[in-house]
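In order, the protein sequence lines correspond to chains G and H.
Quick note: the first sequence, position 200, residue 682 per my numbering, numbers continuous.
Quick note: the second sequence, position 219, residue 322 per my numbering, numbers continuous.
For reference, the structure discussed in these notes is given below.
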Amino acid sequence: MPILQVEGLRKVFGEGALAVTALEAIDFTVKKGELMALLGPSGSGKSTLLLCLSLILEPTAGRIIINNKEIYNNGWTNVDARRFRRENIGFIFQGHNLIPFLTTLDNVALVMTLNGVREGDARKKGMEILEYLEIAHRADFYPSFLSGGEQQRVAIARAIANEPALIFADEPTASLDTERGFKVMGLLKRIAKEKGSGVITVTHDHRMIDGFDTVYELMDGRFVK
Amino acid sequence: MDLAIKDISRHVGKFIATILGVGLLLTIVFIMNGIYRGIIADGIWLIENTDTDLWVVERGRGGPFNEQSRVRMDMYKSVQATPGVMQAGPFIVYAVQREIAGRSQQFSIVGYDIAIGLGKPGRIIEGRQITAFHYEMVADKKLGLQLGDTVRLGVHDYRVVGITKGAVDSGGNPLIYLALPDAQEVLYQMDNQAIYASRAASLQRLLNAGLSQADAERMLPLVSAPVDTISAVLVRLRPGEDAQLVKDHIAKWLYLSVFSSDDEKNLMLEGRVKRISIVLGTFRVLLLVVSIVIVALIVYVLTIEKIKSIATLKLIGASNWVIVRLILEQTLMLTISSFLFGYTMAALLKASERFPRTLYFLTFDTITIFLIMLVGGILASGLAVWHALKAPPALALGG
């Protein structure tokens, strides 16, 4: 059973003569525990696709089904969309995007408290996740005192804290050296297998291709591979 | 999880610096307000603390506080004879600057007839009233005198027999109470050179008028400057008497102006206090606006610094309330902490009694300033809230 189904996705910006087609005829599925790579040069539509999948940018046509729920054309408000996002999707960013005034543990616990988990429980579970990702010794550090690799591990910890069905990783290895990049990829693979989340990774990084279960390449808004 | 407190504890230096800055501005607001209220309190203190129903002053003048008033000493006896008057007493008040307790001080001397008692000092906290007809004084604590101290005024020494607290003239200067003859002597006492000069001038005027040297010298005492004038006559009415009738009678038959204590207060508030209250009021408003603008700017800058974090929060599913709460809590903490700091500083300054003017804080004013700061701060943070809510979650996805 796929966690994510995308059917006939199309996104057009502007109208008439000024219309620009960013995505066209996108179809794919992601299964539980699958690690998918989304390749493509700048301007190919990767970010647009990620925004559409994240309930931020409504597509012009097509269907997106996450965890058996169609996420557009369902009368959801912004509040509903945010709730769905925090319950079902985890994000890993190229620039880590950790909240700078929160410690490592607070960054992880925050997403759980947003989901209604009591702070004490969230911190306890956050510690377990940090231990799982071998970064617990940095629990009380602020992001500015962590290395790039450590920050990315904390970002991954935050992304999996709510045990989401899907994890979107935007260039997770772009700012890391090869060794750390492989470590992060190894972590994502481990999480996909052990936690059962579907992981979609947007990347330019051809060094990491071998680690993925499926690879899609976008070119001018269409899948070419 | 309280994001506002987490942010503040991470940037505690910046917050403390802001609180100090805005707090000191608010200290100035409180002090200006205290000065304003103090000016009003000082302005009417002597009027409120003089046990009299009517103030009889020189015709056509707004005395004895707003304008100089000279009434012939014996007029108090004519006022005493007015129907409805139970008691009338002479009263004199004037400002002087002399060396007292080792430093040059400005103060006012109040002279009253100790036998009649009208105009005697209230609020004596140590010692007693003046009982001797000469050379005793009651002085305010602010002058730094102790019971038993002697003070040289003019050519005599006066012994402190009583101490008052908070007895001030309309300018906030402390008061010294003397028996009327002493007060007149201090006021009219001239040094020898001045006496010689005055006599010589008077003598010359008599000679110019055609008098012989012998006649001129014989007439000289008659044309000397009078030394028995007073500032006002204080009047206590008989119980149940119509004050207006007595006022009309005195004004008509004795050719003097008469004010009730309320009239005197109004004269003071409308005259001396009004202009300064406008000046202080303008500064208070300006400083409050500046304080609110600073809070707004700081909150706005703090929000803009966090805009990517806010976008990330939105992307990971935080509700708008989480973001609004973060900004509002910081605004409230800044505003309330600045207010408390400002108020504490002003209160400490008042308690130290080192401020040269009377500071008077009213609860109503304090609450009003607090509410203006609170509402102003919240409204001013609206721009930051608007900016934060407008930030697209997609902003978090940028590299």
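Ideal Cβ positions, reconstructed from N, Cα and C, are used throughout, including at glycine.
Quick caveat, the model's predicted, so the values are computed rather than measured.
1) Which bits of chain H does G/TYR624 rub up against, with CB to CB less than 9 Å?
2) Any beta-carbon of chain G closer than 7 Å to the one on H/GLY420?
3) For G/GLY693, which three-state DSSP category applies?
4) So, with DSSP's three-state summary, where would you put G/PHE650?
5) What residue from G/THR503, G/ALA501, G/SER526, G/CYS534 has the CA that sits closest to G/GLN487's CA?
6) Specify whether the stretch 552–564 of chain G and the stretch 106–115 of chain H touch according to this definition: at least 3 beta carbon pairs, one from each stretch, less than 8 Å apart.
7) According to DSSP, what are the bridge partners of G/ILE546?
8) Cβ of G/ARG721 less than 7 Å from any chain H Cβ?
9) With distances taken from CA atoms, which of H/ASP216, H/ASP105, H/ARG460, H/HIS490 is nearest H/ALA335?
10) With H, G and I counted as helix, E and B as strand and the rest as coil, what does DSSP make of H/ASP277?
11) Compute the Euclidean distance between the alpha carbons of H/GLY502 and G/ALA656, then round it to the nearest angstrom.
12) Can you grab the Cα-Cα spacing for the pair H/ALA421 / G/LEU596, in whole Å?
13) Under the three-state reduction of DSSP, which class applies to G/SER524: helix, strand or coil?
14) Rounded to a whole number of angstroms, what is the C-alpha to C-alpha distance between G/PHE510 and H/ALA497?
15) What residues in its chain sit with their C-beta under 7 Å from that of G/LEU580, if we drop five residues either side in the sequence?
16) Residues of chain H with CB closer than 7 Å to the CB of G/THR529, please, in chain order.
17) List, in chain order, every chain H residue whose beta-carbon is nearer than 7 Å to that of G/LEU584.
18) Along the stretch 493–520 of chain G, what residues have a CB closer than 7 Å to any CB found in chain H?
19) Taking 8 Å as the cut-off, does the stretch 251–271 of chain H touch the stretch 221–230 of chain H (at least 3 CB pairs, one atom from each stretch)?
20) Comparing C-alpha positions only, which one of H/LEU337, H/LYS493, H/TRP148, H/ILE395 sits nearest to H/VAL174?
21) So, does the CB of G/VAL593 fall closer than 7 Å to a CB anywhere in chain H?
22) Who pairs with G/LEU700 in a beta bridge, going by DSSP?
23) Can you give me the Cβ contacts of H/GLY141 inside the same chain, cut-off strictly under 6 Å, excluding the 5 residues immediately before and after it?
24) Measuring only the C-alpha atoms, how far is G/VAL684 from G/SER526?
25) I need the boundaries of the beta strand (DSSP E) containing H/ILE203, first residue and last residue.
26) What residue does the alpha helix (DSSP H) around H/ARG519 start on, and which one ends it?
27) When the Cα of G/PRO523 is compared with those of G/MET701, G/PHE705, G/VAL706, which residue comes out closest?
28) Note down, in chain order, every chain G residue with its Cβ under 7 Å from the Cβ of H/SER412.
29) So that I know if they touch, is there some Cβ in chain H lying closer than 7 Å to that of G/LEU658?
30) For H/ASN169, which residues of its own chain have a beta-carbon under 7 Å away from its beta-carbon, when the five flanking residues on both sides are left out?
31) For the stretch 309–321 of chain H against the stretch 155–168 of chain H, are there 3 or more C-beta pairs whose distance is under 8 Å?
32) Which residue wins for smallest C-alpha separation from H/ALA242, given the options H/VAL254, H/THR234, H/PHE236?
33) Let me confirm a value: H/ASP285 is counted as buried when at least 16 other C-beta atoms fall within 10 Å, else exposed. Which label applies?
34) Which of the three DSSP states, helix, strand or coil, is assigned to G/MET483?
35) Keeping to the same chain, check which residues put their C-beta closer than 6 Å to that of H/PHE458; ignore five residues upstream and five downstream.
36) Residues of chain G with CB closer than 9 Å to the CB of H/THR415, please, in chain order.
The relevant details are as follows:
1) Result: ARG113.
2) Under the 7 Å criterion on CB atoms, H/GLY420 is classed as interfacial with respect to chain G.
3) Helix.
4) Correct three-state label for G/PHE650: strand.
5) Per the C-alpha coordinates, the member of G/THR503, G/ALA501, G/SER526, G/CYS534 positioned closest to G/GLN487 is G/CYS534.
6) No, the stretch 552–564 of chain G is not in contact with the stretch 106–115 of chain H.
7) Paired residues: G/VAL488.
8) The shown model of chain G, from 483 to 707, leaves out residue 721 of chain G, and the question about it has no answer.
9) Cα-wise, what sits closest to H/ALA335 is H/ASP216.
10) First, the residue type needs correcting, since residue 277 of chain H is Pro and not Asp in the sequence shown. Looking at H/PRO277 - three-state DSSP - the assignment turns out to be strand.
11) Interpretation of H/GLY502 is limited by its pLDDT of 47, a score under 50 that renders its predicted location unreliable; the figure taken from the coordinates is listed afterwards. Answer to the nearest angstrom: the Cα atoms are 10 Å apart.
12) A straight line joining the alpha-carbon of H/ALA421 with that of G/LEU596 spans about 6 Å.
13) Secondary structure of G/SER524 (DSSP, three-state): coil.
14) G/PHE510 and H/ALA497: Cα-Cα distance of roughly 23 Å.
15) These residues qualify, in order along the chain: ASN589, PRO625, GLN633, VAL636, ALA637.
16) Before going on, a small fix: residue 529 of chain G reads as Ser here, not Thr. For G/SER529, the residues of chain H that pass the 7 Å Cβ criterion are LEU500, in the order they occur in the chain.
17) Within 7 Å Cβ-Cβ: LYS109.
18) So the list is empty, because no residue satisfies the distance condition.
19) Because the criterion of three Cβ pairs below 8 Å is met, the stretch 221–230 of chain H and the stretch 251–271 of chain H touch.
20) Per the Cα distances, H/LEU337.
21) For G/VAL593, the answer is yes, since a Cβ of chain H falls inside 7 Å of its Cβ.
22) Note: G/LEU700 sits in a beta bridge opposite G/PHE705.
23) Closer than 6 Å at Cβ, skipping near neighbours: ARG460, THR461, LEU462, TYR463.
24) Each residue's alpha carbon lies about 11 Å from the other.
25) Counting along the chain, the unbroken beta strand (DSSP E) around H/ILE203 starts and ends at 188–203.
26) No answer is possible for residue 519 of chain H: the residues shown for chain H start at 104 and end at 502.
27) Taking G/PRO523 as reference, the option from G/MET701, G/PHE705, G/VAL706 with the minimal CA-CA separation is G/MET701.
28) In chain order: ILE581, PRO582.
29) Not one chain H Cβ lies under 7 Å of G/LEU658.
30) Contacts found: LEU370, MET371, GLY374, ARG375.
31) Short answer: they don't touch.
32) Selected option, being the one with the closest Cα: H/VAL254.
33) Around the Cβ of H/ASP285, a 10 Å sphere holds 16 or more other Cβ atoms; the residue is buried.
34) In the displayed model, G/MET483 falls within coil according to three-state DSSP, outside both helix and strand.
35) Excluding five sequence positions before and after H/PHE458, the CB atoms of its chain that fall closer than 6 Å to its own CB belong to LEU452, given in chain order.
36) Simply PHE573, PHE575, ASN579, LEU580, ILE581.
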